[in-house]
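Let me begin by presenting the structure, written as C-alpha cells, before commenting on it.
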Amino acid sequence: PAITIGSGGSAGVEGPIAQIGGGMGSLVGQLFRVSGNRMKLLIAAGAAGGIAATFNAPIAGVMFATEIVLLGNYELMSFGAIVISSGMATVVTRSYYGENPVFLVPAFHTTGITEIPLYIVFGVIVGIIAVFYIKVFYAVQDRFSKMNISPYLKPVIGALIVGIIGIFFPQVFSDGYGVIEEVLKGQGALSLVFILMLLKIFATAVTLGSGGAGGVFAPSLFIGAMAGSTYGFIVHNLFPGLAAGPGEYATVGVGAFLAAATHAPLTGMFLLFEMTGNYLVIIPIMFASIVGTFTAKRIFKDSIDTVYFSRKGVDIHAGREGTLLSAIKVRDVMRRDFTTVRKDVNLTEFVDLMIEGGGFYFPVVDNEGEMVGIISLQDVRKVLLEDYIKEIVTAGQLATEDVIVLNLDDNLKDAIEKFNIKDIDEIPVVDPEAPSRVLGILRRADVMDVYNREVLKKQVEEY
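In our numbering, the protein residues as written are 99 to 561.
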C-alpha cells in the first residue's frame, strides 16, 4: 500500500489500516489459541480500532466492524468488545495527534425541512452512482485478469494509465483528502467536480484492478464529495431559495456514497456526524444514506466488498442460519415412512387414513403410484361438516395440483424458502428423474430440530 499510494495510486490507507487491525486481532487470537466466533470477534475489534483511530471516529469504527466485517451478525458481548477496542484506539490516537479529524469540515447549514426531498432524490442518485462504481471496478479488474502478461507488469500498466490521467487532473492522485476539503468549502466548478468524480472511479478501478494495493474507503469519500458537489451546484441554481450550497451536499455525499457503496448506512451516518460534529447534518445524511443504500441494493445485491465472495460462490449474506442449513441435504432429514392417499378415496376414508398416519399433508397418487396432487386438513375442513358430501367427494377432487416439491439433493436452506412460499409445514420429496414419484416427506418441525441441534453443537465446539 505504501508504494501504491505514495506513488500517486488512487487508493486509500483506511482499508489496509483496518486489515492491519484485523490482523493484529487474529494474531492475538492465535496466541491464545481461540477459534470460531472468538477469532472473528477479535478480527472485527481490531478493524474497528483501525477505522476509529484513522478518522478519530469511535462510533463509526464500531459501525464499520458490525456492518462490514461482521455483516450485521453479532451478539451483545461481541458488540461490547468492539466498542472497547474502538474507544481505546481513539483515546491512544488523540493522545498523540489531538482531536482533529482526517480533514476539516466547515460548518454545515440547511435551509430547513423543505430541503429533505432534495436529499432523498440525492440518495437515489448516489445509489445509482455507487452501483456504477462497483460495476466499473470489477469490469476493469476482469480486463486486467484476462491479460496474458506477467502479473508484475500489470500494476506498472495501471500506474502508467493513472499517471497519464494525473498529468491533466492531478486531483485523482492518492486519497485526495486535500481536494475533498476544498470541495466541502464549496470551491470548484460544476464541470470540474463532475469530471473528477468519473475519473476517480476509473482511476481507482485501474489502480486496484491492476494489482495495486490499497483500500476503497478513501476513494469512496472522494467520489461522494464530488457527486454531492455536482448535485449541489445543480439544485442550488434551480432552487436558490430552497437548496443549500454545493459544499453542504458534498458533505452529505461523503457519508451517503460510502453507505451506498459498502451497504453500510450506519457507518456512513456516524462517520459524517463525528467528522462534522454538527447535529444539523443528521437528518440529511439519514435520508441520503438510507435511500442510497436501498437503491444500490435494489439494483445490485452486492457491495464493493462482497462482490468478490459472490463470484467465488460464497453466500456471505446467508448468515449463521443459512450457512448451517445449506450444509445439510434434504435426503438426510426427510421422513421415508409416510402415507399416500389414492385419488379415488372418499373423504370418510381419507379422515381414517389421516388419523392413522398422522401429519397434516398427504400426497395424492393415481393407480400407478404417481403423485397427482397433495391434500391437507385445510382442504377438507369445511367439507367434513357436510355428511352427505363426504361420501361423494374424493381426495383427487380436493387435492392441490400445483405442488411445491423438493429433490433429494436440495439443502435445508432451499427447503425453508419453499416452506415460506405458501406458509406450509410439509413438502413432498420427489425423485429428480421421475418428478411424480414421491420418496419422502420433509417437515418444517424436523428442519428446525436439526437446526437447533447444529447450533448447539457449533456453540459447544467454538466455546
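The beta carbon of each residue, even a glycine, is placed where N, CA and C say it ideally should be.
If you follow the alpha helix (DSSP H) that residue i is part of, which residue opens it and which one closes it?
i      : result
Ser272 : Note, Ser272: premise wrong, no alpha helix (DSSP H); not H, not E.
Glu112 : Glu112 to Leu129
Phe460 : Premise fails: Phe460 lies in the beta strand (DSSP E), Tyr459 to Val463, not in any alpha helix (DSSP H).
Val219 : Ile214 to Ser243
Phe436 : Looking at the DSSP string, Phe436 is not in any alpha helix (DSSP H), and its letter there is neither H nor E.
Leu364 : Pro363 to Thr374
Leu356 : Pro344 to Thr360
Thr492 : First-last for Thr492: undefined, no H or E at that position.
Glu515 : Leu510 to Ile519
Pro579 : No answer is possible for residue 579: the residues shown for the chain start at 99 and end at 561.
Thr393 : Ile380 to Ile397
Phe407 : Val405 to Arg409
Pro156 : Pro156 to Phe162
Span of the beta strand (DSSP E) holding residue i?
i      : result
Leu294 : Where Leu294 is concerned, there is no enclosing beta strand (DSSP E), although the alpha helix (DSSP H) it sits in stretches over Leu288 to Gly307.
Val536 : Ala532 to Arg541
Gly312 : It is not in any beta strand (DSSP E) - Gly312 carries neither H nor E in the DSSP assignment.
Ile525 : Glu524 to Asp529
Gly471 : Met469 to Ser474
With distances taken Cα to Cα, identify the nearest neighbour of residue i among the options.
i      : options                           : result
Ile118 : Ala357, Gly312 and Pro533         : Gly312
Glu280 : Tyr329, Phe517, Phe337 and Ala348 : Ala348
Ile232 : Leu290, Pro382, Ala301 and Ser327 : Ala301
Ser401 : Val234, Gly274 and Arg541         : Val234
Gly110 : Tyr275, Asn444 and Val126         : Tyr275
Val449 : Val126, Ala143, Leu336 and Thr492 : Thr492
Phe497 : Ile103, Gln476 and Ala287         : The residue asked about is misnamed: residue 497 is Ala in this sequence, not Phe. Of the listed residues, the one whose Cα sits closest to Ala497 is Gln476.
Lys138 : Val219, Thr164, Pro156 and Lys252 : Thr164
Leu445 : Asp430, Thr212 and Ile473         : Ile473
Gly107 : Val545, Asn246, Val260 and Val553 : Val260
Met583 : Arg479, Asn465, Leu336 and Glu466 : Nothing in the structure corresponds to residue 583, since the chain is present only between 99 and 561.
Glu447 : Gly494, Asp403, Tyr250 and Arg434 : Gly494
Asn198 : Ile247, Phe230 and Thr374         : Thr374
Phe398 : Ile388, Phe230 and Glu524         : Phe230
Ala386 : Thr360, Phe355 and Leu369         : Phe355
Ala179 : Arg192, Gly159 and Asp507         : Gly159
Glu466 : Gly196, Ala532 and Asn505         : Ala532
Asp284 : Ser308, Met324 and Ile522         : Per the sequence presented here, residue 284 reads as Gly, with Asp not at that position. Gly284 has its Cα closest to that of Met324, out of Ser308, Met324 and Ile522.
Asp430 : Leu504, Ile380 and Ile278         : Leu504
Arg542 : Ser534, Pro249 and Asp512         : Asp512
Pro156 : Leu168, Gly127, Val190 and Gly123 : Val190
Looking only at its own chain, which residues have a Cβ that is under 7 Å from the Cβ of residue i, when we skip the five neighbours before and after it?
i      : result
Val405 : Ile232 and Tyr236
Met432 : Val527, Gly538, Ile539 and Leu540
Pro382 : Thr208, Tyr217 and Val350
Gly286 : Glu280 and Ser327
Met384 : Met367
Gly264 : Gly106, Val270 and Phe271
Val443 : Thr492 and Ala493
Within 10 angstroms of the Cβ of residue i, are there 16 or more other Cβ atoms? Answer buried if so, exposed if not.
i      : result
Val203 : buried
Leu306 : buried
Pro268 : exposed
Tyr459 : buried
Lys298 : buried
Leu125 : exposed
Phe130 : exposed
Leu258 : exposed
Phe407 : exposed
Gly310 : buried
Val181 : buried
Ile141 : buried
Met546 : exposed
Thr188 : buried
Ile211 : exposed
Met245 : exposed
Ser308 : buried
Ile278 : buried
Which residues in the same chain as residue i place their Cβ atom closer than 6 Å to its Cβ, once the five residues preceding and following it in sequence are excluded?
i      : result
Phe436 : Ile539
Ala358 : Val224, Gly225, Ala228, Gly390, Thr391 and Ala394
Ala378 : The question names Ala, yet the displayed sequence has Leu at residue 378. Correct list, in chain order: Phe206 and Thr208.
Met161 : Leu364, Thr365 and Phe368
Ile388 : Pro363
Ala145 : Ala116, Gly119, Gly120, Ala163 and Val167
Within its chain, find whatever has a CB closer than 8 Å to the CB of residue i; leave out the 5 residues flanking it on each side and keep chain order.
i      : result
Val463 : Thr438, Val439, Arg440, Lys441, Met469, Val470 and Val536
Asn59  : Nothing about residue 59 can be reported from this structure: the residues present for the chain run from 99 to 561 only.
Glu112 : Gly148, Ile149, Thr152, Phe153, Gly313, Phe315 and Ala316
Tyr549 : Glu419, Leu422, Leu423 and Leu510
With 8 Å set as the bound, which would you pick, yes or no: does the beta-carbon of residue i sit closer than that to a beta-carbon of chain E?
i      : result
Val181 : The question asks about chain E, but that chain is absent: this structure has only one protein chain.
Please confirm if the segment 112-128 is in contact with the segment 140-158, defined as three or more CB-CB distances below 8 Å between the two stretches. These segments touch.
Contact between the segment 282-292 and the segment 328-347 (3+ Cβ pairs under 8 Å): Three or more Cβ pairs drawn from the segment 282-292 and the segment 328-347 lie within less than 8 Å of each other, which places the two stretches in contact.
Given 8 Å as the limit, is there contact between the segment 355-372 and the segment 340-347, that is, 3 or more CB pairs closer than that? Contact between the segment 355-372 and the segment 340-347 is absent: fewer than 3 CB-CB pairs across the two stretches fall below 8 Å.
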